[in-house]
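A.B. asks: For reference, the structure I am asking about is given below.
2 protein chains.
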Amino acid sequence: METFSKKVSMAVVRRLPKYYRYLNDLITQGQERISSKELGEMMGLTASQIRQDLNCFGGYGQQGYGYNIMELKSAIEVLLGIDHKHTCIIVGAGNLGLAIANYDEFKRKGFELKAMFDIDPKLVDANVRGIRIFHVKEMTDFIKLYNVKIGILCVPKEHAQIVADEMIDAGVSAIWNFAPTDLKVPDGVIIENVNLSESLFTLSYLLNE
Amino acid sequence: METFSKKVSMAVVRRLPKYYRYLNDLITQGQERISSKELGEMMGLTASQIRQDLNCFGGYGQQGYGYNIMELKSAIEVLLGIDHKHTCIIVGAGNLGLAIANYDEFKRKGFELKAMFDIDPKLVDANVRGIRIFHVKEMTDFIKLYNVKIGILCVPKEHAQIVADEMIDAGVSAIWNFAPTDLKVPDGVIIENVNLSESLFTLSYLLNE
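For the protein sequence lines, the chains are H and F, in the order given. Mapping the first sequence onto this note's numbering, position 14 (from 1) lands on 14, and the numbers just tick up by one. Mapping the second sequence onto this note's numbering, position 55 (from 1) lands on 55, and the numbers just tick up by one.
Structural data, given as structure tokens:
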């Protein structure tokens, strides 16, 4: 597969996990190639939407052949940066932190969870599927030692900013934020919010319509 | 506040929780009114974006006065349908289900969690902050008895469709879906997916750029 332009719109990027999921399912079923029409029918999209999306990153199907599924999957992996390992930590070992630590997709896609951190002495030194929970005061040294780039923030809203500041000072460059608050971070630091309220309110709005 | 048109774009709907959060914070601080300029500066938006968004649902500020914060908050509540109670259940009492059950925003905004359901006998009959976990075989009767409209799906991917089908047959009309799969549901049933992979992959993409 040829190299592709990095100028992919965020709308396409946000659809890639869905392509990735369907392509993986097809590989599991032993399928080698697929037409934009078939893929569209499976995914509830038109063939032309599929072609448009995949063209964005050099996924050119061949007339009469369609797309090579393995090639397409590999191209998506490179584009998403999941063709190589990412070292992560989770801060906040409550139910949400534990749910993320146990999240299968997370582990399968090259996100290597190195440790969890909490302030609760009852949780510190516990093991979650082989992942140790450390006291949060050890976080800075840990981030530096293991060159951790992704911090997953599962602490209450009130503590989110201070933990984020510490993570960034220690070297983290991307925060996956589950706390319902807007973090203030220096330019260049990536914040990806998982906004559960937004999602729940959207559901409520649609139900109310 | 006047009645407002229901034709609000989903982009605006998805921004409303953020307005709602900031307005609540302002009320807590005792503030009564705010200009679009001030609100914009707090929220990282321009004054004209604020005015455009709020105009969509009849939130008309007055020249020289700005917006009445309480009125604006009430209008958003009505629009989002969170001015009245919603009866919910959670299916799947693993870490994710427990995290949702303990999610503060959820409880404060009129979402009344009636029960949780699981298949694991070790979990059945346990109580989570006063919420009982029932066996999933009791789900259908429970939905009918309490006229549950919102089902929160926290089961593994493999069981998601069958549980969704049962929920809908029993009378649920909206599913908040945390399982990483595309549910097939009849027309008119609302599905709101919380797609953690999509979010994580977006973060990874941005880190890779």
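C-beta: ideal position from N, C-alpha, C; glycine also.
Can the beta-carbon of N195 (chain H) be found closer than 7 Å to that of G81 (chain F)?
C.D. replies: Counting from one through the first sequence, the residue named residue 195 (chain H) turns up at place 195. Counting from one through the second sequence, the residue named residue 81 (chain F) turns up at place 81. For N195 (chain H) and G81 (chain F), no; Cβs fall outside 7 Å.
A.B. asks: Is the shortest distance between the beta-carbon of Y19 (chain H) and the beta-carbons of chain F less than 7 Å?
C.D. replies: Numbered from its first residue, the first sequence carries residue 19 (chain H) at position 19. So no, Y19 (chain H) is outside the interface.
A.B. asks: Return the first residue and the last residue of the alpha helix (DSSP H) that E192 (chain H) is part of.
C.D. replies: For the purposes of this step, residue 192 (chain H) is identified with residue 192 of the first sequence, where counting begins at 1. Looking at the DSSP string, E192 (chain H) is not in any alpha helix (DSSP H); the run it does join, the beta strand (DSSP E), is I190 to N193.
A.B. asks: If you pair each beta-carbon of the region 93-112 of chain F with each one of the region 96-109 of chain H, do three or more pairs fall below 8 Å?
C.D. replies: Judged by Cβ distances under 8 Å, the region 93-112 of chain F makes contact with the region 96-109 of chain H, as three or more pairs qualify.
A.B. asks: Going by DSSP, what residue range makes up the alpha helix (DSSP H) through H159 (chain H)?
C.D. replies: Residue mapping note: residue 159 (chain H) aligns to position 159 of the first sequence, counting from 1. Unbroken alpha helix (DSSP H) run through H159 (chain H): K157 to A170.
A.B. asks: Is the CB-CB distance between R14 (chain H) and E198 (chain F) below 7 Å?
C.D. replies: Numbered from 1 along the first sequence, position 14 holds the residue referred to as residue 14 (chain H). Numbered from 1 along the second sequence, position 198 holds the residue referred to as residue 198 (chain F). Yes.
A.B. asks: In whole angstroms, give me the CA-to-CA distance for H135 (chain F) and L206 (chain F).
C.D. replies: Start at 1 with the first residue of the second sequence, and residue 135 (chain F) comes out as number 135. Start at 1 with the first residue of the second sequence, and residue 206 (chain F) comes out as number 206. Each residue's Cα considered, the two are about 42 Å apart.
A.B. asks: Based on Cα-Cα distance, which residue from F:L79, F:Y19 and F:E77 lies nearest to E41 (chain F)?
C.D. replies: For the purposes of this step, residue 41 (chain F) is taken as the residue at position 41 of the second sequence. Taking only the C-alpha atoms, the option nearest E41 (chain F) is F:Y19.
A.B. asks: To the nearest angstrom, how far is the alpha carbon of K109 (chain F) from that of H86 (chain F)?
C.D. replies: In the second sequence, counting from the first residue as 1, residue 109 (chain F) sits at position 109. In the second sequence, counting from the first residue as 1, residue 86 (chain F) sits at position 86. Those two C-alpha atoms are separated by around 9 Å.
A.B. asks: Based on Cα-Cα distance, which residue from F:N68, F:L16 and F:S9 lies nearest to E38 (chain F)?
C.D. replies: Taking the second sequence and counting its residues from 1, the one referred to as residue 38 (chain F) is at position 38. If we check each option's Cα against that of E38 (chain F), F:N68 comes out closest.
A.B. asks: Just checking: is the beta-carbon of S74 (chain F) within a distance shorter than 7 Å of some beta-carbon in chain B?
C.D. replies: No chain B is present in this structure, whose protein chains are H and F.
A.B. asks: Please report whether the beta-carbon of A99 (chain F) lies at a distance below 7 Å from any beta-carbon of chain H.
C.D. replies: Residue mapping note: residue 99 (chain F) aligns to position 99 of the second sequence, counting from 1. Yes, its Cβ sits closer than 7 Å to a Cβ of chain H.
A.B. asks: Find out if the Cβ-Cβ distance for the pair A160 (chain F), T181 (chain F) is shorter than 7 Å.
C.D. replies: Residue numbering aside, residue 160 (chain F) sits at position 160 when the second sequence is read from its first letter. Residue numbering aside, residue 181 (chain F) sits at position 181 when the second sequence is read from its first letter. Yes; because the gap between Cβ atoms is below 7 Å, this pair is in contact.
A.B. asks: Rounding to the nearest angstrom, what Cα-Cα distance links I191 (chain H) and E158 (chain H) in this structure?
C.D. replies: As a position in the first sequence, residue 191 (chain H) is number 191, starting the count at 1. As a position in the first sequence, residue 158 (chain H) is number 158, starting the count at 1. When rounded, the distance between both Cα atoms is 17 Å.
A.B. asks: Pick out the complete alpha helix (DSSP H) segments inside the region 63-114 of chain F, 4 residues or longer, and give them in chain order.
C.D. replies: Qualifying alpha helix (DSSP H) stretches, in chain order: 69-80, 95-101 and 104-108.
A.B. asks: Rank H:A170, H:A115 and H:Q62 by C-alpha distance to the C-alpha of V128 (chain H) and give the top, closest one.
C.D. replies: Reading the first sequence from its first residue, position 128 is the one you call residue 128 (chain H). Measuring from the Cα of V128 (chain H), the nearest candidate turns out to be H:A115.
A.B. asks: If contact means a Cβ-Cβ distance below 8 Å, which residues of the region 67-97 of chain F contact chain H?
C.D. replies: Answer in chain order: L79, L80, G81, I82, H86, G94, N95 and L96.
A.B. asks: Pick from H:A47, H:L79 and H:V78: whose alpha carbon is nearest that of G66 (chain H)?
C.D. replies: Taking the first sequence and counting its residues from 1, one reaches residue 66 (chain H) at position 66. Among H:A47, H:L79 and H:V78, the Cα nearest to that of G66 (chain H) belongs to H:A47.
A.B. asks: Taking the C-alpha atoms as reference points, what is the distance between R132 (chain F) and T140 (chain F)?
C.D. replies: Here residue 132 (chain F) is taken as the residue at index 132 of the second sequence, counted from 1. Here residue 140 (chain F) is taken as the residue at index 140 of the second sequence, counted from 1. Their Cα atoms are separated by approximately 16 Å.
A.B. asks: In angstroms with no decimal places, state the Cα-to-Cα distance between M167 (chain H) and D83 (chain H).
C.D. replies: By one-based count along the first sequence, residue 167 (chain H) stands at place 167. By one-based count along the first sequence, residue 83 (chain H) stands at place 83. Taking the straight line joining both Cα atoms gives about 25 Å.
A.B. asks: Within 7 Å (strictly less), CB to CB, does P180 (chain F) reach chain H?
C.D. replies: Along the second sequence, one-based indexing puts residue 180 (chain F) at 180. It does: the Cβ of P180 (chain F) has a partner Cβ on chain H nearer than 7 Å.
A.B. asks: Give, in chain order, every residue of the region 140-168 of chain H whose Cβ lies closer than 8 Å to some Cβ of chain F.
C.D. replies: Here the close residues are K149 and I150.
A.B. asks: Which residue marks the beginning of the beta strand (DSSP E) containing L153 (chain F), and which one marks its end?
C.D. replies: To locate residue 153 (chain F), count along the second sequence from 1; it is residue 153. Residues I150 to L153.
A.B. asks: Say whether chain F places a C-beta atom closer than 7 Å to the C-beta of N55 (chain H).
C.D. replies: Indexing the first sequence from 1 puts residue 55 (chain H) at position 55. Not closer than 7 Å to any Cβ of chain F, the Cβ of N55 (chain H) fails to qualify, so no.
A.B. asks: Can you tell me where the beta strand (DSSP E) holding F134 (chain H) begins and where it ends?
C.D. replies: Position 134 of the first sequence, counted from the start, is the residue given in the question as residue 134 (chain H). I131 to H135 is the span of the beta strand (DSSP E), which, as asked, contains F134 (chain H).
A.B. asks: Between G44 (chain H) and A170 (chain F), what straight-line distance do the alpha-carbon atoms span, to the nearest angstrom?
C.D. replies: What you label residue 44 (chain H) is simply residue 44 of the first sequence in a count that begins at 1. What you label residue 170 (chain F) is simply residue 170 of the second sequence in a count that begins at 1. Their Cα atoms are separated by approximately 26 Å.
A.B. asks: Pull the bridge partners of D118 (chain H) from the DSSP assignment, please.
C.D. replies: Along the first sequence, one-based indexing puts residue 118 (chain H) at 118. Looking at the DSSP assignment, D118 (chain H) forms a beta bridge with H:H135.
A.B. asks: Look at the Cβ atom of I143 (chain F), then the Cβ atom of V185 (chain F), and state whether they are nearer than 7 Å.
C.D. replies: Counting from 1 along the second sequence, the entry for residue 143 (chain F) is found at position 143. Counting from 1 along the second sequence, the entry for residue 185 (chain F) is found at position 185. Cβ distance not < 7 Å, so I143 (chain F) and V185 (chain F) don't count as in contact.
A.B. asks: Please compile the residues from chain F whose C-beta is within a distance smaller than 7 Å of the C-beta of I190 (chain H).
C.D. replies: Residue mapping note: residue 190 (chain H) aligns to position 190 of the first sequence, counting from 1. Ordered by position in chain F, the residues that pass the 7 Å Cβ test against I190 (chain H) are L203, L206 and L207.
A.B. asks: Is A47 (chain H) helix, strand or coil when you go by DSSP?
C.D. replies: In the first sequence, counting from the first residue as 1, residue 47 (chain H) sits at position 47. Residue state, collapsed to three classes: helix.
A.B. asks: Hey, G151 (chain H) and I89 (chain H): beta-carbon distance below 7 Å or not?
C.D. replies: Numbered from 1 along the first sequence, position 151 holds the residue referred to as residue 151 (chain H). Numbered from 1 along the first sequence, position 89 holds the residue referred to as residue 89 (chain H). Contact flag set, yes.
A.B. asks: With a threshold of 6 Å on Cβ separation, who are the neighbours of M10 (chain H) within its own chain once the five nearest residues in sequence on each side are excluded?
C.D. replies: Along the first sequence, one-based indexing puts residue 10 (chain H) at 10. Cβ neighbours of M10 (chain H) beyond the five flanking positions: none.
A.B. asks: Helix, strand or coil for E128 (chain H)? Go by DSSP, reduced to three states.
C.D. replies: For the purposes of this step, residue 128 (chain H) is identified with residue 128 of the first sequence, where counting begins at 1. Here residue 128 (chain H) turns out to be Val, not Glu, going by the sequence shown. Strand, per DSSP.
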